[in-house]
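> Let me begin by handing over the structure; questions about it come next.
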Amino acid sequence: MRILLCTETYFPILNGIVTFVEMLAKVWTSQGHDVLIVAPDHTARRHHISHGVLHCPAVKSEQLLVDLSLPIDAVRYRKVRAFKPDVIHIQAEWGISLFGLKTAQYLKVPLVYTLHTEYSKFFTYAVKPFMIPWATSTFAYIERYIAKHATIITSPSKKGQKYFEALGTEVHVEVIQNSVELDDFDPLLFSEEDKRKLRDSLGIAEHQKCALFVGRMGPEKSVDVLLEYWAESIRAEHNLRLVLIGGGPEDENLRNRSKKLGLESQVIFCGKIPHAQIGLYYAICDFYVTASLSEMHSVAMLEGLGSGLPVIQRLDPLNADQLQEGVNGYFFTSAQEFGGHLLSLNALDAKDMAELKRKVRESVLHTNSPKALAEKYLTQYEKAIRLYRRKPSPPEEA
Numbered sequence: 079m080r081i082l083l084c085t086e087t088y089f090p091i092l093n094g095i096v097t098f099v100e101m102l103a104k105v106w107t108s109q110g111h112d113v114l115i116v117a118p119d120h121t122a123r124r125h126h127i128s129h130g131v132l133h134c135p136a137v138k139s140e141q142l143l144v145d146l147s148l149p150i151d152a153v154r155y156r157k158v159r160a161f162k163p164d165v166i167h168i169q170a171e172w173g174i175s176l177f178g179l180k181t182a183q184y185l186k187v188p189l190v191y192t193l194h195t196e197y198s199k200f201f202t203y204a205v206k207p208f209m210i211p212w213a214t215s216t217f218a219y220i221e222r223y224i225a226k227h228a229t230i231i232t233s234p235s236k237k238g239q240k241y242f243e244a245l246g247t248e249v250h251v252e253v254i255q256n257s258v259e260l261d262d263f264d265p266l267l268f269s270e271e272d273k274r275k276l277r278d279s280l281g282i283a284e285h286q287k288c289a290l291f292v293g294r295m296g297p298e299k300s301v302d303v304l305l306e307y308w309a310e311s312i313r314a315e316h317n318l319r320l321v322l323i324g325g326g327p328e329d330e331n332l333r334n335r336s337k338k339l340g341l342e343s344q345v346i347f348c349g350k351i352p353h354a355q356i357g358l359y360y361a362i363c364d365f366y367v368t369a370s371l372s373e374m375h376s377v378a379m380l381e382g383l384g385s386g387l388p389v390i391q392r393l394d395p396l397n398a399d400q401l402q403e404g405v406n407g408y409f410f411t412s413a414q415e416f417g418g419h420l421l422s423l424n425a426l427d428a429k430d431m432a433e434l435k436r437k438v439r440e441s442v443l444h445t446n447s448p449k450a451l452a453e454k455y456l457t458q459y460e461k462a463i464r465l466y467r468r469k470p471s472p473p474e475e476a
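Counting with the numbering used here, you get residues 79 to 476 for the letters of the sequence shown.
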């Protein structure tokens with residue numbers, strides 16, 4: 079099959095969508111499929127294809143931390159037309175993804191649309207406050223338009239269905255949970271010496287256990303809730319450390335908040351870490367914690383599970399099926415529950431902790447593997463091709 083993947087972000091930018099796209103392309107290429115990734119690149123002076131990626135000239139947005147490319151370009155279209163895709167799969171609602179939508183219409187091929195996140199939650203810092211109502215309504219219009227023209231819609235969470243229902247759009251959303259390259263997060267990959275050196279560099283003593291969060295330091299991730307709940311329930315004598323990895327618009331505010339809460343000795347801000355190095359950070363930690371309610375299906379959380387870290391997650395009812403409570407994680411709704419889970423895990427001896435980590439990693443080895451994800455999407459592509467051939471094309475809108 080010839081597959082075109084349209085994404086708004088790609089390396090060197092790192093996020094869950096980049097991981098998703100790169101992982102699928104890697105599996106399918108190894109299986110003999112032809113894959114072309116279309117991505118914006120602010121360093122590109124012209125459209126060019128390199129290592130399976132069509133790099134598109136773009137403008138770098140410091141505010142959004144992404145590259146922005148125009149949705150219409152004749153050179154880009156000619157290169158994609160020459161590729162002759164059987165299916166086009168878009169990951170967002172602007173720029174390159176809108177290009178993918180129009181190209182699917184021009185080439186008369188099915189469009190698969192994955193709703194990865196609720197971007198309206200980012201408007202508080204992506205646009206000026208007075209523009210939020212306009213941005214919200216405009217974005218909703220674009221999402222409804224894409225949904226109307228997509229052959230198949232997928233999302234990693236049941237939230238996707240609820241999201242479109244809230245927009246007043248009657249569409250069916252296929253739920254396909256995310257996956258990660260679990261082999262990259264096998265704790266056995268990292269030597270005790272490397273782990274000791276990293277812990278020493280971060281000021282973590284040998285007897286101290288660590289909770290980890292990886293993600294954007296933005297309001298939608300609710301890292302402030304983690305800090306508040308930690309301050310309410312964890313004391314210095316518990317010998318626990320909270321390790322935070324990531325950058326973003328709230329980074330300075332969160333660091334200041336940590337100081338005001340008296341957590342300087344307990345919270346470690348690492349900033350951005352290259353993805354190639356992040357496995358070692360998971361390997362030195364003992365639990366993964368998150369208070370975010372904005373996720374569809376957190377790739378960082380999956381990386382934590384793949385590293386054997388039991389997850390302590392703020393309860394999000396629509397995502398409750400993403401953990402097996404008591405097997406690979408626990409839910410919390412209050413500071414007391416958050417602290418209770420942390421302290422219970424902290425009380426485990428080395429033998430019990432090692433056994434728990436083994437079971438946690440085992441819980442995702444088969445259901446959340448890249449190969450399983452790639453197979454699920456190939457099934458959707460084949461279905462989309464069949465549906466598209468039977469379904470009359472929708473009329474063009476002015």
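Glycine is no exception: its CB is placed at the ideal position from the N, C-alpha and C atoms.
Nothing here was measured: the structure is a model prediction, and the numbers come from that model.
(1) Let me know the beta strand (DSSP E) ranges lying completely inside the stretch 340-386, each 3 residues or longer, listed in chain order.
(2) Going by the beta-carbon positions, is the gap between Q255 and H375 smaller than 7 Å?
(3) Would you tell me roughly how many angstroms separate the C-alpha atoms of C288 and K449, rounded to the nearest one?
(4) Do you know whose CA, among V253, R154, L465, lies nearest K237's CA?
(5) Look up V113 in the DSSP assignment and say whether it is helix, strand or coil.
(6) Alpha carbons only, please: which of S336, G384, E310 is nearest the one belonging to L267?
(7) Mind reading off the beta-carbon distance from Y49 to I231? Whole number of angstroms is fine, and I expect it under 8 Å.
(8) Roughly how far, in whole angstroms, is the beta-carbon of P163 from the beta-carbon of T229, given that I think they are within contact range, below 8 Å?
(9) Could you round the C-beta distance between N446 and L380 to whole angstroms and report it? I think they count as a contact, below 8 Å.
(10) Counting only runs of 3+ residues fully inside the stretch 240-271, write out the beta strand (DSSP E) ranges in chain order.
(11) Let's see if you can read the secondary structure: which residues bound the beta strand (DSSP E) around I210?
(12) Suppose you measure from the CA of V144 to the CA of E86; what does that come to, to the nearest Å?
(13) Any idea if P234 is buried or exposed, counting beta-carbon neighbours within 10 angstroms, 16 or more meaning buried?
(14) By Cβ distance below 6 Å, which residues in the same chain neighbour D112 in space, the five residues on each side in sequence not counted?
(15) Once DSSP output is grouped into helix, strand and coil, what is the label at L132?
(16) Just to check my reading of the structure: L420 and I312 have Cβ atoms closer than 8 Å, yes? What is that Cβ distance to the nearest angstrom?
(17) Decide if the stretch 421-429 is in contact with the stretch 205-221; the criterion is three or more beta carbon pairs, one per stretch, under 8 Å apart.
(18) Taking the CB atoms as reference points, tell me whether L114 and F161 lie closer together than 7 Å.
(19) Taking 7 Å as the cut-off, decide whether the C-beta atoms of M295 and D264 are in contact.
(20) Starting from I95 and walking both ways along the alpha helix (DSSP H), at which residues does that stretch end?
(21) Once DSSP output is grouped into helix, strand and coil, what is the label at I91?
(22) Apply the 10 Å Cβ neighbour rule to A170 and answer buried if 16 or more other Cβ atoms are within range, or exposed otherwise.
(23) So, are the CB atoms of Q355 and R319 less than 7 Å apart?
(24) V292 and A378: beta carbons closer than 7 Å?
(25) Name the one or two DSSP bridge partners that V144 has.
(26) Can you give me the C-alpha to C-alpha distance between I463 and V165, rounded to a whole angstrom?
(27) DSSP state of R294, grouped into three classes?
(28) Would DSSP call A289 helix, strand or coil?
(29) My understanding is that H126 touches H120, with C-beta atoms under 8 Å, so please give their C-beta distance in whole angstroms.
(30) Given a cut-off of 7 Å, decide if I224 and L179 are closer than it, judged by their beta-carbon atoms.
(31) Would you call the stretch 301-317 and the stretch 270-278 touching, i.e. three or more CB-CB distances under 8 Å?
(32) If we count the other Cβ atoms within 10 Å of its Cβ and call it buried at 16 or more, is G407 buried or exposed?
(33) Roughly how far, in whole angstroms, is the beta-carbon of G357 from the beta-carbon of D262, given that I think they are within contact range, below 8 Å?
(34) Our contact map puts Y359 next to V321 with C-beta atoms below 8 Å; I'd like the distance itself, whole angstroms only.
(35) What do you reckon, are the CB atoms on R222 and T195 nearer than 7 Å?
(36) Alpha carbon to alpha carbon, how far is H285 from C363?
Quick look at the numbers:
(1) 345-349, 365-368
(2) yes
(3) 31 Å
(4) V253
(5) strand
(6) G384
(7) The question about residue 49 has no answer, for the chain in this structure spans 79 to 476.
(8) At roughly 13 Å, the Cβ-Cβ gap does not stay under 8 Å, so P163 and T229 are not in contact.
(9) 6 Å
(10) 251-253
(11) I210 -> not in any beta strand (DSSP E); alpha helix (DSSP H) instead, spanning 210-227.
(12) 7 Å
(13) buried
(14) R80
(15) strand
(16) 6 Å
(17) no
(18) yes
(19) no
(20) 94-108
(21) coil
(22) buried
(23) no
(24) yes
(25) S139
(26) 7 Å
(27) coil
(28) strand
(29) H126 to H120, Cβ: 14 Å. No contact.
(30) yes
(31) no
(32) buried
(33) 6 Å
(34) 7 Å
(35) no
(36) 12 Å
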